[in-house]
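Okay, structure first, notes after.
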Amino acid sequence: MNCPKCESECDRDEADVGVGVIHGPWGCWSCGWSEDSRYDSSAGTSEAQRESGDGRYIDPCGGSTSIGRLVQSAGWFGIPAGSVHEVFKESIMPSGNASDVLLVPQEDRMMKWFAYEHLPEHLKVVSVKFYEVAASLCAILESGPERTVALRKLLEAKDAAVRSRLHPGG
Ligand SMILES: [Zn+2]
């Protein structure tokens with residue numbers, strides 16, 4: 055079927071339960087419309103999304119996906135965690151309401167030390183690896199003293215790796 059709001063082609067989840075195939079609600083991946091109003095995000099964050107809290111993306115077909123796991127999978131394809139967060143921030147907040155950030159896990163203040171965009175290319179390739187791990191950890195772990203320790207150790211490792219790039223054998 056086509057979306058009643060934007061006329062894009064809709065999709066639905068199907069599962070063979072042995073005695074037949076069951077369907078989830080029709081959903082539009084273009085505008086976020088869903089046959090089931092709880093999953094409808096075409097006019098802003100959906101009810102189900104709001105209830106799910108941080109760390110999961112609820113799609114218009116009623117599916118629920120862990121952002122941490124997406125970040126991990128994206129990493130295997132060389133997609134930085136930051137890009138994944140950007141995509142979901144936009145798809146969940148079509149209205150651009152900054153106070154409505156549900157999905158982007160609480161970023162640590164330490165994330166600024168993992169910034170790499172400003173670095174020259176030969177240091178960027180080293181630094182970006184650590185940024186990805188740090189961002190994944192922020193997505194997977196709740197903030198707290200031990201997460202901060204993990205990030206701090208990672209930062210030490212990054213600095214050493216950058217030094218090693220600057221002075222090989224040094
Ligand atoms: Zn649509």
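Take the sequence shown: its position 138, counting from 1, is numbered 192 in the numbering used here, and each next residue is one higher. Note that beta-carbon positions come from the ideal geometry of N, C-alpha and C, so glycine has one too. Predicted model, so just to flag it, every value in this text is computed and none were measured.
Got a sec: does ligand 1 put a non-hydrogen atom nearer than 7 Å to the Cβ of K59?
Here residue 59 refers to the residue found at position 5 when the sequence shown is read from its first residue. At least one heavy atom of ligand 1 is found less than 7 Å from the C-beta of K59.
Spell out the partners DSSP gives T119 in its beta bridges.
Numbered from 1 along the sequence shown, position 65 holds the residue referred to as residue 119. Y111, per the DSSP bridge assignment.
Spatially closest choice to D213 from V182, L195, R201 and C192, by CA coordinates
As a first step, residue 213 is located in the sequence shown; it is residue number 159 there, counting from the start. Closest in C-alpha terms to D213, from the list V182, L195, R201 and C192, comes V182.
Any beta carbon from chain B within less than 8 Å of E186's own beta carbon?
The displayed structure is made up of one protein chain only, and chain B is not part of it.
Looking at the strands, I want to know which residues DSSP matches up with V75.
One-based indexing of the sequence shown puts residue 75 at position 21. Bridge partners of V75 according to DSSP: D70.
Which of the three DSSP states, helix, strand or coil, is assigned to G81?
The count along the sequence shown starts at 1 and reaches residue 81 at position 27. G81 falls in the strand class under three-state DSSP.
Kindly indicate which three-state DSSP category D162 falls into: helix, strand or coil?
Position 108 of the sequence shown, counting from 1, holds the residue named residue 162. DSSP places D162 in coil when its eight states are reduced to three.
Hey, F168 and F184: beta-carbon distance below 8 Å or not?
By 1-based counting over the sequence shown, the position of residue 168 is 114. By 1-based counting over the sequence shown, the position of residue 184 is 130. Cβ atoms of F168 and F184: closer than 8 Å.
Inter-residue spacing [alpha-carbon to alpha-carbon] between S95 and L220:
Sequence index remark: in the sequence shown, residue 95 carries index 41 (1-based). Sequence index remark: in the sequence shown, residue 220 carries index 166 (1-based). S95 and L220 have their C-alpha atoms roughly 48 Å apart.
S62 - containing alpha helix (DSSP H), residue span
Residue mapping note: residue 62 aligns to position 8 of the sequence shown, counting from 1. S62 -> no alpha helix (DSSP H), and no H or E assigned at all.
Taking the alpha helix (DSSP H) that S106 falls in, what are its first and last residues?
If you number the sequence shown from 1, residue 106 lands on position 52. In the DSSP assignment, S106 falls within the alpha helix (DSSP H) that extends over E101 to S106.
Does the contact criterion of 3 or more C-beta pairs under 8 Å hold for the region 75-85 versus the region 111-121?
Yes: the two stretches touch, three or more of their Cβ pairs being nearer than 8 Å.
Whole-angstrom distance between A188 and E175, CA atom to CA atom:
Reading the sequence shown from its first residue, position 121 is the one you call residue 175. Reading the sequence shown from its first residue, position 134 is the one you call residue 188. Per the coordinates, the alpha-carbon of E175 lies some 20 Å from the alpha-carbon of A188.
If I'm right that S120 touches R104 with Cβ under 8 Å, what's the distance once you round it to whole angstroms?
Looking up residue 120 in the sequence shown gives position 66. Looking up residue 104 in the sequence shown gives position 50. Rounded to whole angstroms, the Cβ separation of S120 and R104 is 17 Å, and the two are not in contact under 8 Å.
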